[in-house]
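A short write-up of the structure that comes next.
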Amino acid sequence: MSWWNESRLDESPENLRQFIKDLINTELISEQQKIKMHTEGNGNTTVAINDPVLEMDFRHKEAKEINAVNLAQMKVPKQQLIKEARRIVLQEEIDEKMKRNQAASFNRELRQLKEDLENSKRIDQTEDKMHLRKYWLIWRAVAFRQRNLRKLKKSDEEKRSQIEAFVSQFESDQSNSESPILSLASTDKSKSKSKYSSRKSNCKSYTSKKTKSCSNLEQIIRDQKAKLREQEEMISKLKLEQIRLAAEKSKRSTQELMENSLKDSSVPLKRKLNYLRSSFPDILDSRNFEKPRPSFLVQMEKRHQARIERKKELREQTRLRILEQKRVQQEKEAARKAEIAEQKRLEQEAKLEQMQFEAERRANEEAAREFCRRRRLRMAFQMFRRLLDQRERRLEQADELRQLKLLAHAFCRWREATKEIAKIKFLEAKRHHQMQLTRFAWNKWREVSLEARRDRQVAEDFSDLSIQDRAFKMWRLTTKQAYNEVCEKIFDAELHYERNIMRKCWCAWKKYHLVVAEEKETESKKEALRNAIRDVLPDFMPNFMEPVRLPNQL
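When we follow the working numbering, the leftmost residue of the sequence shown carries the number 290, and every step to the right adds one.
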């Protein structure tokens, strides 16, 4: 059906309601018999019907009644009666065909409506499956997350129990030992609360969804992490101190044992003292095996030992400072990592909240969509029911008309001529209307095709222009480059030519001065010779003067 498609499912209920109202006003109500009765001056009643087919049937019945009255009052020839009977049969066949076509179109529309309803139902089932799968995936992710949290909590509790057992064992060892060792009594137990004891309260504060509780939770987590780091450092220091004291104790016992054995030993054994002293300088004390020495030498050795101790202290301080710097850097790195992990956790919580909000919103949308779908189905079934009622009413009216036609069959011959003319005119008008619609559709299609062709031509022209413009730009660029290269070559050639001319002129100029000087000297010699000849021969006059030759004439 042209008025029903899947795009109607996405419209709002108000738009769908307005569409159904318009459809009823244009198609359904127009097919019902909107008969407006009004009384004329002579007392007769006329019927105004909006549907042209029903109006024609009504006029056909009215004309039959009038023809029956006229035929009863006048005598009609037999041939004319036969023609009128043939026309009546032909008209009845045409009416029957029109009714069958209307019934077929109605069945076709009904079938299309059923298909649309089945398609919408199938689409709704698919959407329900998709939503069910999505919610199942969300539930599975939440379940996995809860299981991982339970495992993490269990592992944290095991670690905590191990640490508490180790601390209790260490305290018992400390109480049994005689040496002074750092104790855990100085630690504040009220401040060393583990972060696992506040996990339940943290979960409750998280469920409350308040910014203040979240900030308190972050502060508690940071404090607990700092306390755990302090406890770990203290435990490591206690372990190292215990190991150091045990090593010193064993060292002292070994040293005492060796000193006693060396004191009670014989002279040949004492000869190996130097070797033992060099091999075990930290264990053997040389003061028990050496002879008395001068006091200044002892003081010098003490000062030397003091210098060595100071150097050792400086090296130890440097090493401790480096270790402290490393520790501070590691603490900063751990704090940064903890902050990044906390930020990630907050982001995950925000994402989870967003997912929950989206799930609620989608559930609400699904409920609204289901309500809208049910409402549209109800409206469609109401319309379908109205169509069925209308069809039944039309069938009843058709039966009544058929009975009236059978009763008035003998009295309707005269009216068939006028009805045939009216029918022909109506068919011609309908054909003309169809032709107008066809012409209008053809013109619209031609305009659309011309516009599409014009758009395609414009796109092709634009593509050609863009290609030509790109080619022209590339040609212009290459031409400019070639022109610049030619200009550079011409400039180099002109410069070379000018330099050659300047070089030639310079060479000629240098030769010109020499030639001029030589010519002047020659001329002076000739003039001196002429003067000498004039002194001898006063009437001597030379017939020609030899011109000065230029450098290019040489």
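Beta carbons: idealized from backbone N, C-alpha and C, even for Gly.
CB contact flag (residue i, residue j, <8 Å)
i, j, result
"Leu402", "Ala669", "yes"
"Phe395", "Arg663", "no"
"His420", "Glu613", "no"
"Ile452", "Ala648", "no"
"Glu507", "Glu631", "yes"
"Lys514", "Ala627", "yes"
As assigned by DSSP and simplified to three states, the class of residue i
i, result
"Leu826", "coil"
"Ala393", "helix"
"Trp703", "coil"
"Arg697", "Here the sequence assigns Ala to residue 697, which means Arg is not the residue at that position. Ala697: coil per DSSP, three-state reduction."
"Ser319", "Residue confidence for Ser319 is low, a pLDDT of 48 falling below 50, so the modelled location carries little weight; the figure read from the coordinates is stated next. Here Ser319 sits in helix by DSSP."
"Leu402", "helix"
Separation of residue j from residue i, as counted between CA atoms
i, j, result
"Ala741", "Arg634", "56 Å"
"Asp824", "Leu818", "10 Å"
"Arg651", "Glu638", "20 Å"
"Gln435", "Ile532", "43 Å"
"Leu527", "Ser457", "13 Å"
"Arg675", "Ala392", "15 Å"
"Asp405", "Arg411", "10 Å"
"Leu693", "Phe700", "11 Å"
"Leu696", "Leu716", "27 Å"
"Glu636", "Gln645", "14 Å"
"Lys601", "Gln588", "19 Å"
"Phe751", "Arg743", "12 Å"
"Cys794", "Leu754", "57 Å"
"Trp798", "Asn789", "14 Å"
"Leu826", "Leu784", "60 Å"
"Ser409", "Trp734", "32 Å"
"Arg616", "Ala623", "10 Å"
"Cys661", "Phe673", "18 Å"
"Arg683", "Met724", "30 Å"
"Phe433", "Glu537", "53 Å"
"Ser686", "Ala711", "The identity of residue 686 in the sequence shown is Gln, whereas the question assumes Ser. Each residue's Cα considered, the two are about 22 Å apart."
"Asn732", "Ile713", "28 Å"
"Arg439", "Arg422", "26 Å"
"Ile383", "Asn390", "11 Å"
"Ile510", "Lys448", "17 Å"
"Arg745", "Val431", "55 Å"
"Arg592", "Leu603", "16 Å"
"Arg792", "Val804", "18 Å"
Contacting residues, own chain, Cβ-Cβ under 8 Å from residue i (five flanking each side not counted)
i, result
"Ser738", "none"
"Ala760", "none"
"Arg608", "none"
"Glu620", "Arg518"
"Phe455", "Ile524"
Own chain residues within Cβ distance below 7 Å of residue i, not counting five before or after
i, result
"Gln594", "none"
"Leu529", "none"
"Ser461", "none"
Cutoff 6 Å; reference residue i; Cβ partners in own chain excluding five residues on either side
i, result
"Thr767", "none"
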